[in-house]
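Peer 1:
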Amino acid sequence: MPVAISPNDLSLLDLLTASPPSNKKLSHRRRDAELDPLLLAAAIASGPHITRNHYHHDFFPPVMDPKAQGAYDWTRWTGEEVGAAQGPRKKYTYVSRQAPRSKRLQAIGGKEESKENEFQREAVDPLRAADNLPASTKKQRAPSTSVINAAVPPATRTESPELEIKCMARTRIPTPHGPAFLHLYHNNKDSKEHLAIVMDPAQLSDAPNPAVPPIRSRSLDAIWSESETEADRITRGAYVGRLSPHSQTPSQPFAEHAVVSADSIPSPLIRIHSECFTGETIGSMRCDCGEQLDEAIRLISQPISIPSTTPDAPPTTIPGRGAVVYLRQEGRGIGLLSKIRAYNLQDLGHDTVTANLMLGHKADERGYEIAGAILRDLGLGTECGEGVRLLTNNPDKVLALEKEGLRIVERVPMIPRSWQRRHRHATEGAVPVNVAMDVEDELEKERRSGATLIGGGAAHGEDLEKYLRTKVLRMGHMLPLFPERTDRDALDD
Ligand SMILES: Nc1nc2c(ncn2[C@@H]2O[C@H](COP(=O)(O)OP(=O)(O)OP(=O)(O)O)[C@@H](O)[C@H]2O)c(=O)[nH]1
1 MPVAISPNDL SLLDLLTASP PSNKKLSHRR RDAELDPLLL AAAIASGPHI
51 TRNHYHHDFF PPVMDPKAQG AYDWTRWTGE EVGAAQGPRK KYTYVSRQAP
101 RSKRLQAIGG KEESKENEFQ REAVDPLRAA DNLPASTKKQ RAPSTSVINA
151 AVPPATRTES PELEIKCMAR TRIPTPHGPA FLHLYHNNKD SKEHLAIVMD
201 PAQLSDAPNP AVPPIRSRSL DAIWSESETE ADRITRGAYV GRLSPHSQTP
251 SQPFAEHAVV SADSIPSPLI RIHSECFTGE TIGSMRCDCG EQLDEAIRLI
301 SQPISIPSTT PDAPPTTIPG RGAVVYLRQE GRGIGLLSKI RAYNLQDLGH
351 DTVTANLMLG HKADERGYEI AGAILRDLGL GTECGEGVRL LTNNPDKVLA
401 LEKEGLRIVE RVPMIPRSWQ RRHRHATEGA VPVNVAMDVE DELEKERRSG
451 ATLIGGGAAH GEDLEKYLRT KVLRMGHMLP LFPERTDRDA LDD
């Protein structure tokens, strides 16, 4: 009787007659080497022979909160090429995270700095070149702190240096709402470039009104070094008037005695804005940050009417003036990575506050020390200079800025444009015959020219509605809350 040869028998025969492996190590080849995880997953999914060992491959380090102990920090992941030829194994060498001893000694005042070090420090830290910074940019320390410090031996002091900021450059930016002056600041507390967008078009005028003090940066107008030329000053923005091939007048350093009392005009309008990549750059309508930035610039640029002192004379009008301080505190200070994760938690049904807490953050991790220093540098909100009108609904922001010593004379509410429209509809009452067309017309009217979100229309939608309600209900924002959405509002979207 003929013997049937099965495929298994042939495989066995192949195995027994095959030449032995030249390198013994090959018979124990690592099973996770050069495997494409996706290919493997597909093979596992399609075949019935799944053993528990399939689940033990650890293709990726665990995805956890980067702050959790032992967790892989995905912000440092640079990617890898699947299937790329494996070179020799990397040698890991120990690199100390501690600053060199000389630097540590210098920080605790244990040794005098050598001339060479001093030179190097100046080269890397632009703030060092600003020893002639006016006192107004340095925050005054409360006397009680120095008393406590005096009792502590120098070697044990861990106090961080006093905040110093410096305006590195300024330039004119034409915006859909009028001209602005963009100021870029460096500071000695973080490595971020915070900004101030100053609206003060009167500075471009040939005959500015002497009763209206220009909003200018003290640190920018200071003379930075003896060797600085006029061309250097103009290039970094320390000029007056409008810069052109025919007009190049360097500014003078700020003189305290030159402060103009501005009691006769309303205080400048100020907005402290925190960076929001999603809302400002890609037009996310999960929040209204892009719209808020645009609305702030628009409101600040509105001309100001000043009532006349004599009964018969008409009111005079001056150009709008104020500033947006743009702080690089993405995601209320938790950073873009955490904010993106928070959005996923929000899609699971949690609100913006709970999502932050679930990721181990506070609801709001922002600080306003740098904002306070920037405003002081611009001469705004100081005791001897002008007070400010602050554009915000956020009570915490008002308190934090007052703590920084900012003189706030008025809070101006920041009402989302979609809520302004709903309010108009609610108060105007009668519903027009062709509602859809009416809303379209209104949106068209609100749309302004502008290449980006600045100058754009209103943000709206279901996600934004939830976000705004959470701000009012859980973060105490001072906004009148509307009842739940109506059919009429749905048409606005
Ligand atoms: N963590 C987190 N941050 C968000 C979220 N949506 C917007 N942000 C950030 O919130 C900041 C803007 O803060 P807002 O709360 O809108 O404004 P505010 O400054 O507190 O208050 P107002 O002055 O009244 O507008 C920006 O940094 C945004 O990136 C969110 O869902 N989660």
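Residue 1 is where the sequence shown starts when you use full-length UniProt numbering, and the numbers rise one by one after that. From the three backbone atoms N, C-alpha and C, an ideal C-beta is built for every residue, glycine too. Keep in mind that this is a model prediction, so the values were computed, not measured.
1) Rounded to a whole number of angstroms, what is the C-alpha to C-alpha distance between P393 and R101?
2) Would you check if the distance between the CB atom of L182 and the CB atom of I197 is smaller than 7 Å?
3) Could you say if the region 288-302 and the region 334-341 meet the contact criterion of at least three C-beta pairs nearer than 8 Å?
4) Would you check if the region 371-384 and the region 402-416 touch, i.e. whether three or more CB-CB distances between them fall below 8 Å?
5) Could you give the C-beta distance for P201 and P319, rounded to a whole number, given that I count them as a contact under 8 Å?
6) What residues in its chain sit with their C-beta under 6 Å from that of C287, if we drop five residues either side in the sequence?
7) Once DSSP output is grouped into helix, strand and coil, what is the label at K397?
8) According to DSSP, is M199 helix, strand or coil?
9) Would the region 321-331 count as touching the region 266-284 if we require 3 or more Cβ pairs under 8 Å?
10) Specify, as a first and last residue, the run of the alpha helix (DSSP H) that C167 falls within.
11) Determine the contact status of L391 and V412, defining contact as a CB-CB distance below 7 Å.
12) From A129 to G387, what distance separates their C-alpha atoms?
13) How would you call N187, buried or exposed, if buried means at least 16 neighbouring beta carbons within 10 angstroms?
14) Does S264 pass the burial test, meaning 16 or more other C-beta atoms within 10 Å, or should it be called exposed?
15) For K471, which of L15, R417 and D364 has the nearest alpha-carbon?
16) Across which residues does DSSP place H273 in a beta bridge pair?
17) Quick check: is any heavy atom of ligand 1 less than 6 Å from the C-beta of G405?
18) Can you check whether the C-beta of E404 is within less than 7 Å of a C-beta belonging to chain C?
19) So if DSSP puts S244 in a beta bridge, which residue, or which two residues, is it bridged to?
20) Give me whichever residues DSSP pairs with H186 in a beta bridge.
21) On the three-state DSSP scale, how would you describe R389?
22) Would you grab the beta carbon distance between M266 and R389 for me? Rounded to a whole angstrom, and I think it's under 8 Å.
23) Is any non-hydrogen atom of ligand 1 found closer than 6 Å to the C-beta of K339, if you look at the structure I gave you?
24) Applying the criterion that 16 or more other CB atoms from any shown protein chain within 10 Å of the CB defines a buried residue, is N8 buried or exposed?
25) Going by C-alpha distance, which of G381, A400 and Y368 is nearest L163?
26) Going by CA-CA distance only, name the one from S418, D206, A231 and I454 that's closest to I282.
27) Assign L348 to one of three DSSP states: helix, strand, or coil.
Peer 2: The structure says:
1) Checking the sequence, you will find Asn at residue 393 rather than Pro. Cα to Cα, N393 sits roughly 48 Å from R101.
2) yes
3) no
4) yes
5) 5 Å
6) G279 and Y467
7) helix
8) strand
9) yes
10) Not the alpha helix (DSSP H): C167 falls in the beta strand (DSSP E), residues I165 to T175.
11) yes
12) Per-residue confidence for A129 stands at a pLDDT of 43, beneath the threshold of 50, marking its modelled position as unreliable; no derived number is given.
13) buried
14) exposed
15) D364
16) Y326
17) no
18) Protein chain content of the structure displayed is limited to a single chain, and chain C is not contained in it.
19) S247
20) K166
21) strand
22) Before going on, a small fix: residue 266 reads as Pro here, not Met. The pair is a contact, with the Cβ atoms about 7 Å apart (cut-off 8 Å).
23) yes
24) exposed
25) Y368
26) I454
27) coil
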